[in-house]
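Working notes, structure below.
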Amino acid sequence: MGFGQHQTFYLRQQWLTKGLIEVDKNPRFFYEPDHFEVLGVGKNMAKSIRYWLGATKLVKEKRSIKTELHLTELGEAVFNYDRYVKSRFTLSILHYLLVTEKNEASTWFWFFNMFNERVFTKTLLYSQLEQWAKDTFEKDVSINSLKRDIDCLLQLYTKKSYTNQTPEDVIKSPFESLNLVQSTTEIHYIKTPLKHSLTGECLYITLLIYMNKYGVKEVGLNDLINEPELWGRVFNLGRDEIIDHLDKLQEKYGVIFTRTNRLDVVRIEQKVQWDEVLKSVYENEVLV
């Protein structure tokens, strides 16, 4: 169960970059007494930076004589190819990894995998998240903790107005650029589909991650649309959008999309490593 681990701070632009640079230099950086001063933030904000690095799977903890943080294979790729984490391609992969771990970012998992409404208010989010937490976890979670999570999630994904603000006041989240959640009125929000020129590559890589995680070689079309940790849920995509992407992935990556009267199945028969595809995209595609 993972609620409130962000210390109430949503991810800011440059935080991941700062963390990656320091961890690359010193795996013990976040355990050094002055690490928050080096980052130029308060102690709780430094804890938040460390949380976001781990929740997006850019770093992982290793324990030997002393506990250390090391860049993951994804972290190394991002560090080498998109160090300032500006590409929507990179952010789409980080988003996927963030919202598919129920026990590390529980509210994020619930919102993108279990919550069924496309249009909603904060009040609806609070009540339905509270019920899901009660039904899912044995340990009680305070309503205040759940509300802080919802507030943080919306701040992470929705674009904010920076009119008449000084540069020091601009605290943009990099995930805003994905446009997965939009504010339509003062109280209403809407989920919107992922859309950029490398969306297909993101879908292919995340499908490889999913298949590797669960040890499967095929996934039904209905599962891609409706099941947790797959495209329809995580990226707010509809049936027609998913089919359109599958048609293109068949041509580019040899994904096999078998359509029958009763069962439409997506297969990847050759063993493909998702990190190899990731590196290939970084090296051969124009990042967006």
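In terms of the UniProt record's numbering, the sequence shown opens at residue 1 and continues consecutively.
Heads up, the beta-carbon is just placed ideally off N, CA and C, and yes, glycines get one too.
The straight-line gap separating the alpha-carbon atoms of Phe9 and Val265 is approximately 41 angstroms. Setting aside the 5 residues that flank it on each side, Tyr282 is surrounded in the same chain by Tyr81, each with a C-beta closer than 6 angstroms to its C-beta; the list follows chain order. Beta-bridge partners assigned by DSSP to Arg63: Thr67. In chain order, Ile93, Trp274, Val277, Leu278 place their CB closer than 7 angstroms to the CB of Ile205, counting only its own chain and leaving out the 5 sequence neighbours on each side. When rounded, the separation of the alpha-carbon atoms in Lys60 and Leu20 is 11 angstroms.
When Thr121, Val119, Glu130 are compared, the shortest CA-CA separation from Trp110 is found for Glu130. Pairing Arg118 with Lys191 gives a Cβ-Cβ distance under 7 angstroms. Assignment of Ile190 by DSSP, reduced to helix, strand and coil, places it in the strand class. Within the same chain, Ile49 come within 8 angstroms of Val41 by CB-CB distance, once the 5 residues on both sides are set aside. For Phe89 against Leu287, the beta-carbon gap comes to about 6 angstroms, under 8 angstroms, which counts as contact.
Under the 8 angstroms Cβ criterion, the region 100-110 counts as touching the region 123-137, having at least three qualifying pairs. For Arg148, the enclosing alpha helix (DSSP H) has its first and last residue at 143-157.
For the options Thr67, Ser161, Thr123, Glu68, the alpha carbon positioned closest to that of Lys172 is the one of Ser161. By the C-beta density criterion, Tyr31 is exposed, having fewer than 16 other C-beta atoms within 10 angstroms. Within the same chain, Thr72, Leu74, Leu97 come within 7 angstroms of Lys57 by CB-CB distance, once the 5 residues on both sides are set aside.
Note on Pro174: 16 or more other CB atoms within 10 angstroms of its CB, so buried under the neighbour-count rule. The distance from the Cβ of Leu198 to that of His95 is about 13 angstroms, inconsistent with a contact at the 8 angstroms cut-off. When C-alpha distances from Ile187 are compared across Glu101, Gly220, Thr123, the shortest belongs to Thr123. Apart from the 5 residues on each side of it in sequence, Phe235 sits with its Cβ closer than 6 angstroms to the Cβ of Leu194 in its chain, given in chain order.
Around the beta carbon of Thr100, a 10 Å sphere encloses 16 or more other beta carbons of the protein chains shown; the residue is thus reported as buried. Spanning the alpha carbons of His70 and Gln13 requires a straight line of approximately 21 angstroms. Between Leu230 and Asp223, the beta carbon gap of about 6 angstroms places them in contact (Cβ cut-off 8 angstroms).
Boundaries of the beta strand (DSSP E) harbouring Glu218: 218-220, taken from the DSSP string. Only buried fits Ser87, as 16 or more other CB atoms lie within 10 angstroms of its CB. Under the three-state reduction of DSSP, Ser161 is assigned to coil, being neither helix nor strand. Using a Cβ distance threshold of 7 angstroms, Val181 and Thr158 count as a contacting pair. Rounded to the nearest whole angstrom, the CA to CA distance from Gly215 to Lys66 is 33 angstroms. Uninterrupted beta strand (DSSP E) stretches at least 3 residues long and entirely within the region 91-152 occur at 119-121, given in chain order. As for any alpha helix (DSSP H) of minimum length 4 sitting wholly inside the region 8-55, the runs are 15-25, 35-39, 43-55, ordered along the chain. Annotated three-state conformation of Gln250 is helix, per DSSP. With a cutoff of 7 angstroms on beta-carbon distance, Arg148 and Gly54 are scored as not near each other.
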